[in-house]
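Following: one structure in structure tokens, then a few remarks.
2 protein chains.
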Amino acid sequence: MKVKYTLLHQDKNCKARYGTLETNYGTYELPIFMPVGTQATVKTLDIRDVKEINSAVILSNTYHLWLRPGEDIVNKAGGLHKFMNYDGPILTDSGGFQVFSLAKPKDISEEGVKFKSHINGEKLFLTPEKSIEIQNKLDSDIAMSFDECPPASATYEYMKNSVERTLRWAKRGKDVFNNPRQSLFGIVQGGYYKDLRKFSAEETVKIGFDGYAVGGVANDRESKEDMYKAIDYSIPYLPEDKPRYLMGVGEPVDIFEAVERGIDMLDCVLPTRLARHGHAFTKDGKINIKNAKYKEDFTPIDKECDCECCKHYTKAYIRHLIIAEETLGQRLLSIHNLRFLISIAENIRKSIKEDKFLDYKKEFLDRYNKVNK
Amino acid sequence: MKVKYTLLHQDKNCKARYGTLETNYGTYELPIFMPVGTQATVKTLDIRDVKEINSAVILSNTYHLWLRPGEDIVNKAGGLHKFMNYDGPILTDSGGFQVFSLAKPKDISEEGVKFKSHINGEKLFLTPEKSIEIQNKLDSDIAMSFDECPPASATYEYMKNSVERTLRWAKRGKDVFNNPRQSLFGIVQGGYYKDLRKFSAEETVKIGFDGYAVGGVANDRESKEDMYKAIDYSIPYLPEDKPRYLMGVGEPVDIFEAVERGIDMLDCVLPTRLARHGHAFTKDGKINIKNAKYKEDFTPIDKECDCECCKHYTKAYIRHLIIAEETLGQRLLSIHNLRFLISIAENIRKSIKEDKFLDYKKEFLDRYNKVNK
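Respectively, the protein sequence lines represent chains A and B. Position in the first sequence (from 1) plus 4 gives the number in my numbering. Position in the second sequence (from 1) plus 4 gives the number in my numbering.
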């Protein structure tokens, strides 16, 4: 089935909205934070972990799965859900972001993008049609249009041409799209140019998609303010009855700022990446578990947290695991960091329903920023 | 409490014995295979995994915990059980094996062993008293005497002197031992010399311990036959009413050969180390999951296995995880390999009670060796 968004309540003090998303795997409340499972696994977690942190939609990366193990193997397994044993909704990105960030192509044409595999240097060619074909075979619940992600430093001229090409690519992708149980989202680009964001949003909506993403803000932007502007420039032109997804953003403050502007879905590798380097979110800011002050700290990372990490293990133990390079340490911190962001989203949903989103935002960020500053 | 072994049944066709071991954390049936948690974690597993594979006793390494995080931190945490959140019996080795295998000391004196840390090259000195003091603080359920582990190539003269010194070390360790809820095991050495094994066993028993280990067979022996001989040379001189532990051995065939000779407990890093390299035990022999033939094999590693890996994941998926260097792959194979050996031990216990140990051994090994040869 196509995902179906229902707007249930808008906070009376801002654009933050509470709604539901019907999917092939049940109905979920939005806004949500979505864990990233790049290579058909949320790094270091198993599927029980993914469920226990109360994930709704999880992400997987088309580019990575195309290269390894290949979309045909995933398809023969019965699709991505069966392959990785996840009976919840999965969103696949288009590969565009990875092609531009990992593979750094030099050859972008109307037809598509030539680049080299980041694994073995093999020459590859990705087109809008190919991206959709791969995603159709992966059989995710939500597929994304193939787009160009130009750097923030791109000139107006370059960005305008890029936005126009991305629109043609979006149309081409939609034309070959061929999986009845999958939804297709369009992506708004345009950098930090107000008129290009408006143009991109309006034209993308004209093509018509099951949901809309705001893209191009996760790479080399100059400031968070730029990102917030890009959201502000895009949202007014998106339909109220479709979900809105901000791609690749996951700092707590950004989740609040995005939701305040009308975003329903966010994803980011940040929580698992931070975990692998020994960093943990807490209500009083980020901590580095390797810090000597946790050597004999036999309390959990967050006493109020309900994750498996905080219920069973202490800072001193996790510090030992991270320093001794034991993968359990990375996994426990990944579970905690993901649960931390997901529980923020849970609290955000509650606060919107009570028209108290801005109060919750202030309360959370005041405490979160206090210690770190 | 001191562990208490009760012999309940001896197979009428060989020396294999079935019994129980009372511990601080309940009573367990023997023989058992014990997973190794070197740095206070069974590599890649969490404590729920450890319980789900039906572990009884698990091992941890004194040498590693002495270096990181240090025995005082573990002690302040409330002991190793609380530190790692395991409410089951833990055995700590003495550090002797690691000092000789990892740190390769050149300076062994009557007093102890000077060597360099394998982590940072720091000069360290380990004595029998220090090993026991560390283990007392770690507060494991079973501590091991500090012993020298000479190479198999040692001359008779060297081995004789070493055995005598290890006996003096055992006595010194017992004299300072000071933890009422901990048991202390002695270790029989003597290489592959029949009279030295006899001498070592008899003299170790005279000192008097809560259990006895056969040591010195896990390093550079020339053949499996040598190892079996070393067991045969030692067992007759060990008391029937104490548990017998073969240190560092875990190939399936060796578990059978050891139990047949009267061994009750075994441990080995093999199952988790194999897993990290993509190898899995199956009833038809070991497999390398990276093999191309598993690319599209959507069946579990072992259809009859009841582990979390085999219940939920396929060979094709695990192959993908291992090749993509995702730690979930290592963890799933570790869970499976440990469960494989633990379930062999479960079947062994059942077979001994029915006087059918030799039948089960033949049935298992005939199938296990068939494909690989």
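Note that CB positions come from ideal geometry on N, CA and C, so glycine has one too.
Beta-bridge pairing of residue i - partner residues as DSSP gives them
{"i": "T27(B)", "result": "G30(B)"}
{"i": "V192(A)", "result": "V218(A)"}
{"i": "M14(A)", "result": "Checking the displayed sequence, the identity of residue 14(A) turns out to be Gln instead of Met. R21(A), per the DSSP bridge assignment."}
{"i": "N341(B)", "result": "According to DSSP, N341(B) bridges with nothing at all."}
{"i": "M38(A)", "result": "D271(A)"}
{"i": "K8(A)", "result": "E26(A)"}
{"i": "I352(B)", "result": "DSSP output for I352(B) lists no bridge partner at all."}
{"i": "I62(A)", "result": "I94(A)"}
{"i": "S187(B)", "result": "I146(B)"}
Chain A within 8 Å of residue i, Cβ atoms only
{"i": "P304(B)", "result": "no"}
{"i": "A205(B)", "result": "no"}
{"i": "A349(B)", "result": "no"}
{"i": "N89(B)", "result": "yes"}
{"i": "Q43(B)", "result": "yes"}
{"i": "L332(B)", "result": "yes"}
{"i": "K55(B)", "result": "no"}
{"i": "K80(B)", "result": "yes"}
{"i": "K47(B)", "result": "yes"}
{"i": "A296(B)", "result": "no"}
{"i": "A328(B)", "result": "yes"}
{"i": "I191(B)", "result": "no"}
{"i": "I77(B)", "result": "yes"}
Residue-chain proximity (residue i, chain B), Cβ-Cβ < 8 Å
{"i": "R72(A)", "result": "yes"}
{"i": "A60(A)", "result": "no"}
{"i": "E126(A)", "result": "no"}
{"i": "D50(A)", "result": "yes"}
{"i": "H281(A)", "result": "no"}
{"i": "L325(A)", "result": "yes"}
{"i": "E300(A)", "result": "yes"}
{"i": "H316(A)", "result": "yes"}
{"i": "I293(A)", "result": "no"}
Contacting residues, own chain, Cβ-Cβ under 8 Å from residue i (five flanking each side not counted)
{"i": "D230(A)", "result": "A156, Y196, V221"}
{"i": "E126(A)", "result": "K120"}
{"i": "S166(B)", "result": "E152, P154, A158, Q193"}
{"i": "K319(A)", "result": "I293, Y298, D301, F302, T303, P304, I305"}
{"i": "A81(A)", "result": "F87"}
{"i": "D236(A)", "result": "R265"}
Contacts around residue i, its chain only, beta-carbon distance under 6 Å, and the 5 residues preceding and following it disregarded
{"i": "H68(A)", "result": "T42, Q43"}
{"i": "K360(B)", "result": "none"}
{"i": "I136(B)", "result": "G177, V180, F181"}
{"i": "L325(B)", "result": "L332, G333"}
{"i": "D111(A)", "result": "K118"}
{"i": "I191(A)", "result": "S149, D151, A217, G219"}
{"i": "K315(A)", "result": "none"}
{"i": "I267(B)", "result": "R248, L250"}
{"i": "E26(A)", "result": "K8"}
{"i": "Y22(B)", "result": "L12, H13, R353, I356, K357"}
Residue i burial status per 10 Å Cβ neighbour count (16 or more: buried)
{"i": "K377(B)", "result": "Model confidence at K377(B) stands at a pLDDT of 45, short of 50, so the residue's coordinates are unreliable; what they give is reported in the following sentence. With fewer than 16 Cβ atoms within 10 Å of its Cβ, K377(B) is classed as exposed."}
{"i": "E51(A)", "result": "Inspection of the sequence shows that residue 51(A) is occupied by Ile rather than by Glu. Result: buried."}
{"i": "R335(A)", "result": "buried"}
{"i": "K374(A)", "result": "exposed"}
{"i": "F101(B)", "result": "buried"}
{"i": "N140(A)", "result": "buried"}
{"i": "I348(A)", "result": "buried"}
{"i": "F260(A)", "result": "buried"}
{"i": "A20(A)", "result": "buried"}
{"i": "P243(B)", "result": "exposed"}
{"i": "S227(A)", "result": "exposed"}
Cβ-heavy atom distance, residue i to the ligand PLP, below 7 Å
{"i": "K80(A)", "result": "This structure lacks the ligand PLP, and indeed carries no ligand of any kind."}
Proximity test, Cβ basis, 8 Å: residue i and chain D
{"i": "Y321(A)", "result": "The structure shown contains no chain D; its protein chains are A and B."}
Beta-carbon contacts of residue i that lie in its chain and below 7 Å, excluding the five residues immediately before and after
{"i": "K175(A)", "result": "I211"}
Inset, instruction - Jot down the residue ranges of each uninterrupted beta strand (DSSP E) in the segment 246–322 of chain A, minimum 3 residues, whole runs only, in chain order. - result: Within the segment 246–322 of chain A, the complete beta strand (DSSP E) runs of at least 3 residues are 248–250, 269–271, 283–286, 289–292.
Legend entry - Every unbroken alpha helix (DSSP H) within the segment 95–158 of chain A, with a cutoff of 4 residues, ordered by chain: You should have 132–142.
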